[in-house]
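Worksheet: one structure, shown below.
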């Protein structure tokens, strides 16, 4: 007697995230991203993307990061409306606002801490990468280069992590104008860590939840 055939794979409808799962996913992902950014800001290192650009502007002008992060992302939100639709854009806006709000919370809850820049750059970017994965898998992004990277993956088949790595390195290299060369080199290493996390884990077809 032959063995019974395996059951058919579940349809996309049965894999869709529920509203509570999306809410918890967004809170978890944005908390991780904001905490990773807190580590970077406390050690004066940077990362790529609009978060890194916002950090650079914060170091250069002393303007609050949480304000700059929203302002820098506004043009990319317009791109998201055009290419991805309102549902994705509203999720992205929500994620950006949550990261902004939580970024203001961490310094008040934890205060200034002494942390080695090497640890901050590597651990901070690792945490940010994991947080981005959570947000991506709940059909959102953090705007900016995330939108461009996701569009390149969906339309051209390029891996989002590799696309974002190229863009992020450009931002990190611009940090030479703001922070010391040793911190820039640490930031480059951190950006590589972040994008390796995305490249190895965010691939079409690997994660079936929608």
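Residue numbers (this note's numbering): 74 to 283. Even for Gly, the Cβ is constructed at its ideal location relative to N, Cα and C. Here the structure is a predicted model, which means the values were calculated and not measured.
Measuring alpha carbon to alpha carbon, tell me which of 93, 159, 103 ends up nearest residue 201.
-> 103
For residue 231, three-class secondary structure by DSSP | coil
Measuring CB to CB, does residue 111 end up less than 7 angstroms from residue 127?
-> no
Do residue 197 and residue 106 have their CB atoms nearer than 7 angstroms?
-> no
Would you say residue 251 and residue 264 are within 7 angstroms of each other, going by their C-beta atoms?
-> no
Alpha helix (DSSP H) containing residue 94: first to last residue?
-> 92-116
DSSP on residue 189, reduced to helix/strand/coil?
-> coil
Please determine, among 143, 165, 145, 144, the residue with the shortest C-alpha to C-alpha distance to residue 153.
-> 165
If you draw a straight line from the C-alpha of residue 122 to the C-alpha of residue 229, how long is it?
-> 20 angstroms
In whole angstroms, what is the alpha-carbon distance linking residue 89 and residue 108?
-> 28 angstroms
Put residue 211 into one of helix, strand or coil per three-state DSSP.
-> coil
Alpha carbon to alpha carbon, how far is residue 148 from residue 215? Give it in angstroms, no decimals.
-> 13 angstroms
Ordered along the chain, which non-local residues of its own chain (more than five positions away) have a Cβ less than 7 angstroms from that of residue 256?
-> 117, 118, 190
Could you tell me if residue 99 is buried or exposed, where buried requires 16 or more neighbouring beta carbons within 10 angstroms of its beta carbon?
-> buried
Is it the case that the Cβ atoms of residue 222 and residue 207 are separated by a distance below 7 angstroms?
-> no
Which of the three DSSP states, helix, strand or coil, is assigned to residue 143?
-> helix
Proximity of residue 195 and residue 266 at Cβ, strictly below 7 angstroms | yes
Helix, strand or coil: how does DSSP classify residue 156 here?
-> helix
DSSP on residue 148, reduced to helix/strand/coil?
-> helix
Tell me whether the beta-carbon of residue 142 lies closer than 7 angstroms to the beta-carbon of residue 91.
-> no
Closest residue to residue 177 among 158, 140, 167 (Cα-Cα distance) | 140
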